[in-house]
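The numbering of the sequence shown is my numbering, which starts it at 711 and goes up by one. Before any comments, here is the structure.
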Amino acid sequence: MNREPNAKIAKADGELQKIISRKRNYDSDDRKVANEIFDDRTLRTLYKLANQGHLDVLNGAISTGKEANVLKGFKDDGSVVAVKIYRIATSDFKKMQYYIAGDPRFNVRSNNKNQLIGSWVNKEFRNLNRLHEAGVNVPEVYASLNNVLVMEFIGDDEGNPYPTAKYAPPHDPEDFYEQLVKQLDKFVNVAKLVHGDLSTYNIINHDEKPVIIDVSQSVVRDHIIANELLERDIKNLVREFSKMGVDTSVEDLTNRIIHD
């Protein structure tokens with residue numbers, strides 16, 4: 711598995727251009743995005759991951775963000791993985807430093823952008839592993855290298871990703887919320903982490919079951935900013951699920967999550 715996977719992955723920038731062009735007229739800004747994602751360093755990283763057997767070909771976007779894009783990766787056996795690629799050109803390095811600083815698991819003193827992104831991706835990898843071991847519904851993570859993370863694809867058998875709760879609200883918000891509270895309890899009190907950006911944008915609706923995603927910024931429970939972030943997460947969830955008709959409050963959710 712040396713040359714063939716590499717040749718397929720090298721075509722990924724063209725595939726992404728096709729995806730973008732279906733959304734709006736293709737212009738120079740779109741080409742810039744594709745070039746920012748598939749720079750030489752990223753392609754070399756993808757080659758290594760392909761040669762290690764983590765993916766064979768990239769085809770199709772799952773989500774597009776300011777700092778990272780998540781693409782579908784297909785393995786030799788036809789199974790699908792999610793491939794998250796952080797873009798060095800557009801990443802918010804001050805934000806990364808803010809969330810990494812004070813985390814005893816990392817000692818990042820360098821301002822080198824490549825090293826900082828590598829630490830950020832490793833942070834998400836370790837957070838996902840820690841959460842998975844704690845029994846939290848998160849994607850299982852398979853590999854991380856430089857600015858690329860390979861993890862479980864959350865979608866149907868035909869390769870369609872499940873949407874987030876923001877775009878596919880649960881049919882039974884009360885039941886979905888109760889499931890989410892149990893997951894958040896494990897997140898905070900078993901994994902000893904705080905998400906830091908929890909909202910329906912970062913919760914996949916997997917057949918009426920919540921799957922929490924995007925944990926790169928998540929911090930350890932005893933981090934200096936953990937309480938501030940947890941308070942923000944709680945307020946976000948209460949506001950969003952109250953709009954869906956769930957009878958909840960900041961005080962109630964706080965008492966259910968923060969144990970004496």
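Ideal Cβ positions, reconstructed from N, Cα and C, are used throughout, including at glycine.
Item                                                                                                           : Value
Segment limits, alpha helix (DSSP H) that includes Ser952                                                      : 936-953
Gln762 classed as buried or exposed, judged by whether at least 16 other C-beta atoms fall within 10 angstroms : exposed
Inter-stretch contact at 8 Å, needing at least 3 Cβ pairs: the segment 826-840 / the segment 919-928           : yes
Stretch pair the segment 912-920 + the segment 861-876: three plus CB contacts closer than 8 Å                 : yes
Cβ neighbour criterion (16 or more within 10 Å) applied to Gln825                                              : exposed
Stretch pair the segment 768-782 + the segment 891-909: three plus CB contacts closer than 8 Å                 : no
Assigned exposure category for Ile944 - 16 Cβ within 10 Å defines buried                                       : buried
Euclidean distance between Cα positions of His842 and Ala811                                                   : 24 Å
Reduced DSSP category for Lys892 - H, G, I as helix; E, B as strand; rest coil                                 : helix
Best match in Lys758, Ala792, Asp766 for proximity to Thr774 [C-alpha to C-alpha]                              : Ala792
Backbone secondary structure at Thr899 - three-state DSSP                                                      : Note that residue 899 corresponds to Asn in the displayed sequence, not to Thr. Correct three-state label for Asn899: helix.
Cβ neighbour criterion (16 or more within 10 Å) applied to Tyr808                                              : exposed
Boundaries (first-last residue) of the alpha helix (DSSP H) holding Thr755                                     : 750-761
Of the listed residues Ala853, Ile795, Lys919, nearest to Val891 (C-alpha basis)                               : Lys919
Cβ shell of Glu938 (< 8 Å), same chain only, five flanking positions each side left out                        : none
Exposed unless 16 or more other CB atoms sit within 10 angstroms - verdict on Gly828                           : buried
Where the beta strand (DSSP E) through Thr774 begins and ends                                                  : 767-774
Integer-rounded CB distance, given that Tyr887 should sit under 8 Å from Val956                                : 5 Å
Under 8 Å between C-beta atoms of Ile967 and Val898                                                            : yes
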